[in-house]
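These protein sequences, in sequence, are chains C and R. Numbering follows this note's numbering, in which position 310 of the first sequence is assigned residue number 310; successive positions increment by one, without gaps. Basically this note's numbering = 1-based index in the second sequence + 329.
2 protein chains.
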Amino acid sequence: MKLASLKSGRDGKLVVVSRDLTRAVSAQHIAPTLQAALDEWADCETALLDLFNKLQAGPVSGEFPFDSEAAAAPLPRCYHWADGSAYVTHVELVRKARGAELPDSFWTDPLIYMGASDAFIGANDDVLAESEDWGIDFEAEVVVFTDDVPAGIKAEQARNHIKLIGLVNDVSLRNLIPAELGKQFGFYQSKPQTSFTPVAVTPDELGDAWDGAKVHLPLIATLNETKIGSPNAGVDMTFDFGQLIQHAAKSRALMAGTVIGSGTVANQGSPDGSCCLAEVRCLETIAQGKPSTPFMSFGDRIVIEMLDSDGLSIFGRIDQRIVQYHPPT
Amino acid sequence: MKLASLKSGRDGKLVVVSRDLTRAVSAQHIAPTLQAALDEWADCETALLDLFNKLQAGPVSGEFPFDSEAAAAPLPRCYHWADGSAYVTHVELVRKARGAELPDSFWTDPLIYMGASDAFIGANDDVLAESEDWGIDFEAEVVVFTDDVPAGIKAEQARNHIKLIGLVNDVSLRNLIPAELGKQFGFYQSKPQTSFTPVAVTPDELGDAWDGAKVHLPLIATLNETKIGSPNAGVDMTFDFGQLIQHAAKSRALMAGTVIGSGTVANQGSPDGSCCLAEVRCLETIAQGKPSTPFMSFGDRIVIEMLDSDGLSIFGRIDQRIVQYHPPT
Chain C
1 MKLASLKSGR
11 DGKLVVVSRD
21 LTRAVSAQHI
31 APTLQAALDE
41 WADCETALLD
51 LFNKLQAGPV
61 SGEFPFDSEA
71 AAAPLPRCYH
81 WADGSAYVTH
91 VELVRKARGA
101 ELPDSFWTDP
111 LIYMGASDAF
121 IGANDDVLAE
131 SEDWGIDFEA
141 EVVVFTDDVP
151 AGIKAEQARN
161 HIKLIGLVND
171 VSLRNLIPAE
181 LGKQFGFYQS
191 KPQTSFTPVA
201 VTPDELGDAW
211 DGAKVHLPLI
221 ATLNETKIGS
231 PNAGVDMTFD
241 FGQLIQHAAK
251 SRALMAGTVI
261 GSGTVANQGS
271 PDGSCCLAEV
281 RCLETIAQGK
291 PSTPFMSFGD
301 RIVIEMLDSD
311 GLSIFGRIDQ
321 RIVQYHPPT
Chain R
330 MKLASLKSGR
340 DGKLVVVSRD
350 LTRAVSAQHI
360 APTLQAALDE
370 WADCETALLD
380 LFNKLQAGPV
390 SGEFPFDSEA
400 AAAPLPRCYH
410 WADGSAYVTH
420 VELVRKARGA
430 ELPDSFWTDP
440 LIYMGASDAF
450 IGANDDVLAE
460 SEDWGIDFEA
470 EVVVFTDDVP
480 AGIKAEQARN
490 HIKLIGLVND
500 VSLRNLIPAE
510 LGKQFGFYQS
520 KPQTSFTPVA
530 VTPDELGDAW
540 DGAKVHLPLI
550 ATLNETKIGS
560 PNAGVDMTFD
570 FGQLIQHAAK
580 SRALMAGTVI
590 GSGTVANQGS
600 PDGSCCLAEV
610 RCLETIAQGK
620 PSTPFMSFGD
630 RIVIEMLDSD
640 GLSIFGRIDQ
650 RIVQYHPPT
């Protein structure tokens, strides 16, 4: 089934969305918000699925056209947002471009950072930044939403806690990153609000493209009508979502509604392009000694989408513009 | 006024607590949870204050004895938990103990990490850890709770967004930290669940001890009946809470219910002891070449408290034990 949160207050209103993303119906009688549904997933799942099946079967009372502009992020705010860097080939490339070695441990010990989760933005919301000098970049990623995960869980069991899947644009301010990572405390100012696809879907919606821990489909990133890349998210994912959850839950339980990200999707050698501009620039640096592609400018439009084998959009598309923000004086 | 959340479901039930921490009354008719109150603080503050004033004035209908055992963290889960390291003298000491220089920038550019905020624990809840080998330590800190903070705010204006103050035990797994910081992505496994005092208080409850951005009182940490330290939280706080909020909000707004921590309270030269065992061990290392104080063991009891000038507890006390946790097999 497919779920979305219509913009309303801080947490949105839960709706069920048809598989073709054209129709929706309120699910608030089952759970007022997606967070509430995930908090009581075992109690809500069947009723939500029943509603989805009715919507698929034909017209239902109260249905309305689904408009991605009206959708907030599936969880407009959440309690735990952990973003991995699971495509180690990407990390290796970034390091190579600056002449640094990749520690061997990076192939066996996942990189994960904690992200700010108090204000995710919708698929068509503007990405706000104060300055282009910050080096505004997109990062196209796959994310999963979990229910409650016990501490110390192993990867195989962790897979059972993946309830929903979506895509994000994990916007990065590249020129703020080196100083932050140099302090070793992780990203902070360099990671503004993260954008989500209009819908999140249960794993069964992916059919054979979901193997229980990875999505085996291209993730398409398009900047100003030019395709930047469409690497396959199931290829070169060094740590699958089960392994990422195991890592995140080593010393503490994860609560319902935790969102775990894959990190920028990337394939070895980037044969199908890249899911962020930083990777494009690294490839240019390695080939030509310096990057020629700039980071994003105000007014730029970034589109992120994943299509099923019939060419239909699975999650809806992130389609947003970069807009300047003026801080209070 | 003083507020607490009684244990109930995932978000607790909001109560107002008397200044002496002995009596409480439900505030759920004003806001069901503290998060709901912070979401609509401008609308809730006066009604909550009225209720507090009535409780202070004498018996009110429905009041009951306040029991810190029944209290969850004031926010049992929140959407943004940003912990600073504002006592740079502490960071300098830790570095000195391992023979490393402190970069000059650490005196002007705050260190902040993003913490997991999906499951804060109550003042009397057990601290769970799988292994003593992880190097279990306490960290006594001051925290503030904000309402909505616009992106790009400056420190002076940021002070106005501090709505509540509390204390935390930001438990750290010291032996997991070096590898995590080495990866530059910040703390993750090394920071399990954070514990909070039973109540959070409005700044006016601190009287002259609150200067608008710092708390000028000793923070007392006691391990197994032995005082480890009582450094003054208003001394040597290199970055005050206004500055920490400015830093956290540089590139994005902070949403209501954001919790900002001071980092381990520490005074130059540690004349009144320390607020974590890591600092004790650093002092031993500098003086004797190696640490002699061990980290915490299962069964250890840690108490964290702050007293007003009359010797009365302001926030109630964190008083908890370290307990072994067995992961699922």
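No residue lacks a Cβ here, since even glycine has one placed at the ideal position from N, Cα and C.
Taking C-beta to C-beta, are residue i and residue j nearer than 9 angstroms?
| i | j | result |
| --- | --- | --- |
| residue 456 (chain R) | residue 395 (chain R) | no |
| residue 245 (chain C) | residue 155 (chain C) | yes |
| residue 72 (chain C) | residue 6 (chain C) | yes |
| residue 145 (chain C) | residue 162 (chain C) | yes |
| residue 209 (chain C) | residue 276 (chain C) | no |
| residue 106 (chain C) | residue 94 (chain C) | no |
| residue 578 (chain R) | residue 481 (chain R) | yes |
| residue 479 (chain R) | residue 572 (chain R) | no |
| residue 443 (chain R) | residue 269 (chain C) | no |
| residue 49 (chain C) | residue 198 (chain C) | no |
| residue 454 (chain R) | residue 524 (chain R) | yes |
| residue 651 (chain R) | residue 629 (chain R) | yes |
| residue 666 (chain R) | residue 376 (chain R) | No answer is possible for residue 666 (chain R): the residues shown for chain R start at 330 and end at 658. |
| residue 384 (chain R) | residue 374 (chain R) | no |
| residue 123 (chain C) | residue 68 (chain C) | yes |
Going by Cα to Cα distance, which pick from the options is closest to residue i?
| i | options | result |
| --- | --- | --- |
| residue 204 (chain C) | C:52, C:114, C:247 | C:52 |
| residue 92 (chain C) | C:266, C:298, C:309 | C:266 |
| residue 564 (chain R) | R:585, R:601, R:551 | R:601 |
| residue 582 (chain R) | R:539, R:650, R:487 | R:487 |
| residue 233 (chain C) | C:90, C:327, C:104 | C:90 |
| residue 200 (chain C) | C:64, C:148, C:143 | C:143 |
| residue 507 (chain R) | R:500, R:497, R:518, R:498 | R:518 |
| residue 427 (chain R) | R:613, R:651, R:650 | R:613 |
| residue 169 (chain C) | C:302, C:217, C:134 | C:302 |
| residue 371 (chain R) | R:628, R:619, R:585, R:409 | R:585 |
| residue 459 (chain R) | R:638, R:633, R:625, R:634 | R:625 |
| residue 227 (chain C) | C:114, C:106, C:305, C:116 | C:305 |
| residue 15 (chain C) | C:74, C:59, C:39 | C:74 |
| residue 429 (chain R) | R:615, R:536, R:649 | R:615 |
| residue 463 (chain R) | R:657, R:658, R:653 | R:653 |
| residue 387 (chain R) | R:353, R:399, R:406, R:523 | R:353 |
| residue 104 (chain C) | C:28, C:37, C:238 | C:238 |
| residue 251 (chain C) | R:541, R:494, R:655, R:641 | R:655 |
| residue 552 (chain R) | R:649, R:369, R:535, R:617 | R:649 |
| residue 81 (chain C) | R:337, R:431, R:446, R:405 | R:446 |
| residue 216 (chain C) | C:171, C:141, C:160 | C:141 |
Determine the extent of the beta strand (DSSP E) in which residue i is found, giving its start and end residues.
| i | result |
| --- | --- |
| residue 36 (chain C) | Taken as a continuous stretch (DSSP letters only), residue 36 (chain C) belongs to no beta strand (DSSP E), being part of the alpha helix (DSSP H) at 34–39. |
| residue 145 (chain C) | 140–146 |
| residue 634 (chain R) | 630–634 |
| residue 506 (chain R) | No beta strand (DSSP E) contains residue 506 (chain R), which is instead part of the alpha helix (DSSP H) from 506–511. |
| residue 129 (chain C) | 127–129 |
| residue 242 (chain C) | Note, residue 242 (chain C): premise wrong, no beta strand (DSSP E); alpha helix (DSSP H) at 241–248. |
| residue 166 (chain C) | 162–169 |
Using the DSSP secondary-structure output, state which residues sit across from residue i in a beta bridge.
| i | result |
| --- | --- |
| residue 227 (chain C) | C:222 |
| residue 412 (chain R) | R:442, R:590 |
| residue 23 (chain C) | C:65 |
| residue 625 (chain R) | R:465 |
| residue 342 (chain R) | R:335 |
| residue 561 (chain R) | R:547 |
| residue 196 (chain C) | C:168 |
| residue 400 (chain R) | R:335 |
| residue 389 (chain R) | None, per the DSSP bridge assignment. |
| residue 535 (chain R) | Residue 535 (chain R) pairs with nothing; no bridge assigned. |
| residue 51 (chain C) | According to DSSP, residue 51 (chain C) bridges with nothing at all. |
Got a sec, what are the start and stop residues for the alpha helix (DSSP H) residue i sits in?
| i | result |
| --- | --- |
| residue 91 (chain C) | 88–97 |
| residue 324 (chain C) | Premise fails: residue 324 (chain C) lies in the beta strand (DSSP E), 318–324, not in any alpha helix (DSSP H). |
| residue 285 (chain C) | 277–288 |
| residue 256 (chain C) | From DSSP, residue 256 (chain C) is part of no alpha helix (DSSP H); its letter is neither H nor E. |
| residue 486 (chain R) | 484–487 |
Sorry if obvious, but does the Cβ on residue i come closer than 8 angstroms to a heavy atom of the ligand SAH?
| i | result |
| --- | --- |
| residue 398 (chain R) | Judged by which ligands are present, the structure shown has none, so any question about the ligand SAH falls away. |
- prompt: Is there contact here, the segment 605–621 of chain R with the segment 298–316 of chain C, by at least three beta-carbon pairs under 8 angstroms?
  reply: Contact fails: fewer than three Cβ-Cβ distances are below 8 angstroms.
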